[in-house]
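Visitor:
There are 2 protein chains.
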Amino acid sequence: MDNDVRELRTAAGLSQQALGERLGVSRQTINAIEQGRYDPSLPLAIRLARFFGRAVEEVFHCDD
Amino acid sequence: MDNDVRELRTAAGLSQQALGERLGVSRQTINAIEQGRYDPSLPLAIRLARFFGRAVEEVFHCDD
DNA sequence: CCCCGATGTCAAGCGAGCTTTACATGGGCA
DNA sequence: TGCCCATGTAAAGCTCGCTTGACATCGGGG
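So the sequence lines, in the order shown, correspond to chains A and B.
All residue numbers for the first sequence refer to our numbering, where the first residue is 273 and numbers rise by one.
All residue numbers for the second sequence refer to our numbering, where the first residue is 273 and numbers rise by one.
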């Protein structure tokens, strides 16, 4: 399950810290998601996608 | 965070057990999600939405 | 050179997601 | 009546999602 969070975030000109604050999570959480260390919870995934104006499926890609 | 899983499942004529088997999770997991006892993980949410031919956001509604 | 913002990462801790096993209820059908 | 399917629920256990706090590195600007 990889994702486009880093590309979308940098394209938006935001730091991991800034994005975390906008979404109500810590910068470590954003970092872990970008690195693929774990998947976000469903509510966080929806907030992330909505923040970038994309569908969840467009931001998070299942590898199967 | 409520969802339309029960409606979609019954419309598809499937039992909780049958749906769980199709998606690779237990029937208790399907039951808990339908009852809103907890949210599915992101990969399971994507599998559920895809199974019913919907977008994740169409099946799972954030209450905010 | 020193400072600072941005990133990477670790450890400890807590609650959520999911499992298996098990027991209870209600409905339909022989 | 008895059986079976579907559903609801509970306990115990494991891993994951996320937190705070901390420390390390790198690059740029004074």
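Where is the CB? At the ideal position from N, CA and C, for every residue including glycine.
Any idea what DSSP makes of Phe420 of chain B, helix, strand or coil?
Guide: Residue 420 of chain B is absent from the structure shown; chain B starts at 273 and stops at 336.
Visitor: For a quick check, are the C-beta atoms of Phe332 of chain A and Leu314 of chain B less than 8 Å apart?
Guide: Here the question's residue 332 of chain A lines up with position 60 in the first sequence. Here the question's residue 314 of chain B lines up with position 42 in the second sequence. A contact, by the Cβ cut-off of 8 Å.
Visitor: Can you tell me which of B:Glu279, B:Cys334, B:Arg299 and B:Leu320 puts its alpha carbon nearest to the alpha carbon of Gln288 of chain B?
Guide: Counting from 1 along the second sequence, the entry for residue 288 of chain B is found at position 16. The residue with the shortest Cα to Cα distance from Gln288 of chain B is B:Arg299.
Visitor: In angstroms, rounded to a whole number, what distance separates the CA positions of Val328 of chain B and Leu320 of chain B?
Guide: In the second sequence, counting from the first residue as 1, residue 328 of chain B sits at position 56. In the second sequence, counting from the first residue as 1, residue 320 of chain B sits at position 48. If I take the Cα positions, the gap works out to 8 Å.
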